[in-house]
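**Student:** Residue numbers (this note's numbering), protein chains in the order written: chain A, 475 to 738; chain B, 182 to 248.
One structure coming up, written as structure tokens, with questions to follow.
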Amino acid sequence: MNNDTWEIGGKTLSSRLLIGSALYPSPANMEEAIKESEAQIVTVALRRQSAGEGGGNNFWNIIKALNIHVLPNTAGCHSAKEAITTAQMAREVFDTNWIKLEVIGDQYNLQPDPFETVKAAEILIKDGFEVFPYTTDDLVVAKRLADVGCKIIMPWGSMIGSGKGLMNPDNLLAIRKQFPELKLIVDAGIGKPSHATQAMELGYDGILLNSAIALAQDPVKMANAFKYAVEAGRLGCESGVMQERAFASPSTPTIGTPFWHQFK
Amino acid sequence: MIKVSINGEIKELNENLNIKEMIEALEYKQKGFAVAVNTTFISIKSYESTTINDGDTIDILAPVQGG
Chain A
475 MNNDTWEIGG KTLSSRLLIG SALYPSPANM EEAIKESEAQ IVTVALRRQS
525 AGEGGGNNFW NIIKALNIHV LPNTAGCHSA KEAITTAQMA REVFDTNWIK
575 LEVIGDQYNL QPDPFETVKA AEILIKDGFE VFPYTTDDLV VAKRLADVGC
625 KIIMPWGSMI GSGKGLMNPD NLLAIRKQFP ELKLIVDAGI GKPSHATQAM
675 ELGYDGILLN SAIALAQDPV KMANAFKYAV EAGRLGCESG VMQERAFASP
725 STPTIGTPFW HQFK
Chain B
182 MIKVSINGEI KELNENLNIK EMIEALEYKQ KGFAVAVNTT FISIKSYEST
232 TINDGDTIDI LAPVQGG
């Protein structure tokens, strides 16, 4: 196992995989997949609940029993005001100042609204939140988020739930190069373990995903695959990837090659 | 009686109820929810000092799965 540890939001963690809790075939499957992933951060949400409904409590009891860090989201919010209110409600319910800030600007591709996201982030940080903002791979938006005090930035790989992987690895790399001091997490769009490895090889600090595990034919086995994929990418990044070359170069020694030019 | 929207449903409540009294009237037995009135968060410590008015929009949210 990897002995790598890192810090985020004031916590020291050994896993760089952040996992969602939605879309699993059953609560038991969710619980098993989260355990198998060895993720130490799980995302959760808040929704309307009528009196007498016990579903939320059952879910929350499972998550609490896992004894890992909870990252509430503001999914479904379309304005800074909605996101701020949701974050304040989440802080009370989940007893954490962490918030995954999502302010959606387009309902079709669930692209975040950069203007409302930056506005909400600034207010939430002043209110004592540790903001994990979901954003696009736009460098200038990342800069604005850093300017208002975000220590963590979570650019998308591609659209939420699309499984398309990293649409613009060069953009993600530019953000990494520009902000070596920030914690960067690729959030959304991951479909395969190799996508997670690729993002980690770019130097990202972690991966947040949900659908790729929950919608796999075997979510528990896929959780295991992503655990190793994230570790492999991190180790690859730390090891220093070789320089690409535009020409072939044999790996086996050429000196002593048999049969060389014998019959010319 | 006053009419308010609670989680998107129109309901009738007695006048001059505070949030704590409203929750009791609605028979919310479980714990672990948070309340917003007219999209403004109301913390637990403000339940008794916040009066529900006619036409208010109230959201009561609880934990669910999320990505």
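Think of the CB as a built atom: it goes at the ideal place given N, C-alpha and C, for glycine as much as any other residue.
How about the stretch 554 to 571 of chain A and the stretch 594 to 602 of chain A: do they share at least three Cβ pairs that are nearer than 8 angstroms?
**Tutor:** In short, these stretches touch, since the Cβ pair count reaches three.
**Student:** With burial defined as no fewer than 16 other Cβ atoms inside 10 Å of the residue's Cβ, what is the status of W734/A: buried or exposed?
**Tutor:** Exposed is the call here.
**Student:** Measure from the C-beta of S524/A to each C-beta in chain B and report whether the shortest distance is under 8 angstroms.
**Tutor:** True, the Cβ-Cβ gap to chain B drops below 8 angstroms.
**Student:** Throw me the rounded Cβ distance for the A662/A and G707/A pair, which I believe falls under 8 angstroms.
**Tutor:** Not a contact, Cβ separation roughly 17 angstroms.
**Student:** To the nearest angstrom, how far is the alpha carbon of G529/A from that of T548/A?
**Tutor:** Confidence is the limiting factor: at G529/A the pLDDT is only 49, short of 50, which leaves the residue's position unreliable, though a coordinate-based value still follows. Rounded to whole angstroms, G529/A to T548/A spans 19 angstroms at the Cα level.
**Student:** P546/A: which of K574/A, D569/A and A703/A sits nearest, CA to CA?
**Tutor:** Of the listed residues, the one whose Cα sits closest to P546/A is K574/A.
**Student:** Residues of the stretch 489 to 523 of chain A with a CB closer than 8 angstroms to any CB of chain B: list them in chain order, please.
**Tutor:** Hits within the stretch, in order: G494, S495, A496, L497, Y498, M504, T517, V518, A519, L520, R521, R522 and Q523.
**Student:** Between I239/B and E712/A, what straight-line distance do the alpha-carbon atoms span, to the nearest angstrom?
**Tutor:** Cα to Cα, the separation comes out at about 50 angstroms.
**Student:** Let me see if you follow: with CB-CB separation under 8 angstroms, is K555/A close to chain B or not?
**Tutor:** Yes, its Cβ sits closer than 8 angstroms to a Cβ of chain B.
**Student:** Name the chain A residues whose beta carbon is nearer than 7 angstroms to that of Y209/B?
**Tutor:** Chain A residues near Y209/B: A525.
**Student:** So, at 7 angstroms on beta carbons, what are the nonlocal neighbours of N197/B in its own chain, with the 5 sequence-adjacent residues on each side left out?
**Tutor:** Same-chain partners within the cutoff: T232.
**Student:** Please list the terminal residues of the continuous beta strand (DSSP E) segment that includes S511/A.
**Tutor:** It is not in any beta strand (DSSP E) - S511/A instead sits in the alpha helix (DSSP H) that spans P501 to S511.
**Student:** What are the start and end residues of each continuous alpha helix (DSSP H) run of 4 or more residues lying completely inside the stretch 514 to 592 of chain A, in chain order?
**Tutor:** Runs found: 529 to 540 and 554 to 568.
**Student:** Could you confirm whether any beta carbon from chain A is found closer than 8 angstroms to the beta carbon of D237/B?
**Tutor:** Not an interface residue.
**Student:** Assuming I599/A and M628/A make a contact with CB atoms under 8 angstroms, what is their CB distance in whole Å?
**Tutor:** With a Cβ gap of about 15 angstroms, I599/A and M628/A do not count as contacting.
**Student:** Grab me the residues of N698/A's own chain with a C-beta within less than 6 angstroms of its C-beta, minus the 5 sequence neighbours each way, in chain order.
**Tutor:** Counting only Cβ-Cβ distances below 6 angstroms, and skipping sequence neighbours, we find E510.
**Student:** Which bits of chain B does Q562/A rub up against, with CB to CB less than 7 angstroms?
**Tutor:** Those within 7 angstroms of Q562/A in chain B are F222.
**Student:** What are the residues of the stretch 653 to 674 of chain A that lie near chain E, defined by any Cβ-Cβ distance shorter than 7 angstroms?
**Tutor:** Included in the structure are the protein chains A and B, with no chain E among them.
**Student:** Considering only the beta carbon of each residue, do P244/B and V605/A sit closer than 8 angstroms?
**Tutor:** No. Outside cutoff.
**Student:** Do I493/A and I508/A have their C-beta atoms within less than 8 angstroms of each other?
**Tutor:** In this structure, I508/A lies closer than 8 angstroms to I493/A by Cβ.
**Student:** Could you list the residues in the stretch 184 to 212 of chain B with a C-beta less than 9 angstroms from some C-beta on chain A, going in chain order?
**Tutor:** Cβ contacts with chain A: I187, N188, G189, E190, I204, L207, E208, Y209, K210, Q211 and K212.
**Student:** May I ask you to report which of helix, strand or coil DSSP gives A243/B?
**Tutor:** Strand, per DSSP.
**Student:** Against chain B, does N684/A count as a neighbour if the rule is that its beta carbon must be under 8 angstroms from one of theirs?
**Tutor:** Yes, because at least one Cβ of chain B sits closer than 8 angstroms to the Cβ of N684/A.
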